[in-house]
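A short write-up of the structure that comes next.
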Amino acid sequence: MANANAALPFLDTNILLRHLTGDNPEHSPRATALFSSIEAGQLKVHINDVVIFETVYTLERIYHQEKRAIRDALALILSLPGIILPKKQRLVAVLDLYAAKNLPFADAYFALAMRDLKTDTIISFDHHFDRIEGIARREP
Numbered sequence: 002m003a004n005a006n007a008a009l010p011f012l013d014t015n016i017l018l019r020h021l022t023g024d025n026p027e028h029s030p031r032a033t034a035l036f037s038s039i040e041a042g043q044l045k046v047h048i049n050d051v052v053i054f055e056t057v058y059t060l061e062r063i064y065h066q067e068k069r070a071i072r073d074a075l076a077l078i079l080s081l082p083g084i085i086l087p088k089k090q091r092l093v094a095v096l097d098l099y100a101a102k103n104l105p106f107a108d109a110y111f112a113l114a115m116r117d118l119k120t121d122t123i124i125s126f127d128h129h130f131d132r133i134e135g136i137a138r139r140e141p
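FYI, the numbering for the sequence shown is 2 to 141, going by this note's numbering.
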């Protein structure tokens with residue numbers, strides 16, 4: 002049996018950004034219409050972790066959005082059944098940790114990846130790992 006998701010299109014970061022920011026009079030309404038189709042169950046699309054990373058980075062650094070607002074917006078998008086993403090629940094947990102502990106997104110991602118790997122020690126100079134319960138940081 003063929004993979005039912007194999008022929009689905011891949012959604013680029015710029016579509017997420019145009020939808021979330023509404024900053025482009027030509028592209029933003031089209032991106033939002035696409036998300037309406039996804040929400041209505043008329044369309045399914047693939048995304049991956051890199052799309053989420055790039056979206057978080059751009060919203061935070063370029064658009065100066067707060068982490069909680071970014072988390073809320075992306076968690077809502079990830080909740081759509083038409084968004085096909087491996088380990089979707091882990092990304093939602095990463096977004097929660099990122100906002101709750103005021104961490105860089107990558108470090109929140111590493112913390113959840115470590116839990117999946119069943120390791121509790123990270124070798125890092127970054128002190129914000131000290132704020133994550135269950136993770137021991139050590140320096141080289």
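No residue lacks a Cβ here, since even glycine has one placed at the ideal position from N, Cα and C. Quick caveat, the model's predicted, so the values are computed rather than measured.
A contact between stretches requires three or more CB pairs, one per stretch, nearer than 8 Å, and the region 72-91 meets this requirement with the region 43-56. In this structure, the beta-carbon distance from residue 124 to residue 141 falls below 8 Å.
The count of Cβ pairs closer than 8 Å, one atom from the region 61-69 and one from the region 79-92, stays below three, leaving the stretches out of contact.
Taking the C-beta atoms as reference points, residue 102 is found no nearer than 8 Å to residue 139.
By a beta-carbon distance limit of 8 Å, residue 9 contacts residue 45. Their separation comes to about 5 Å. In the DSSP assignment, residue 39 falls within the unbroken alpha helix (DSSP H) covering 28-40. For the 8 Å CB-CB criterion, residue 21 and residue 81 do not form a contact.
Measuring C-alpha to C-alpha distances from residue 134 to each of 112, 39, 49 and 91 identifies 112 as the nearest. When DSSP states are grouped into helix, strand and coil, residue 8 belongs to the coil group. Annotation for residue 69: no beta strand (DSSP E) segment contains it, though the alpha helix (DSSP H) segment containing it runs 68-79.
Annotated three-state conformation of residue 48 is coil, per DSSP. When C-alpha distances from residue 14 are compared across 39, 51 and 35, the shortest belongs to 51. With 16 or more neighbouring CB atoms inside 10 Å of its own CB, residue 108 falls in the buried class.
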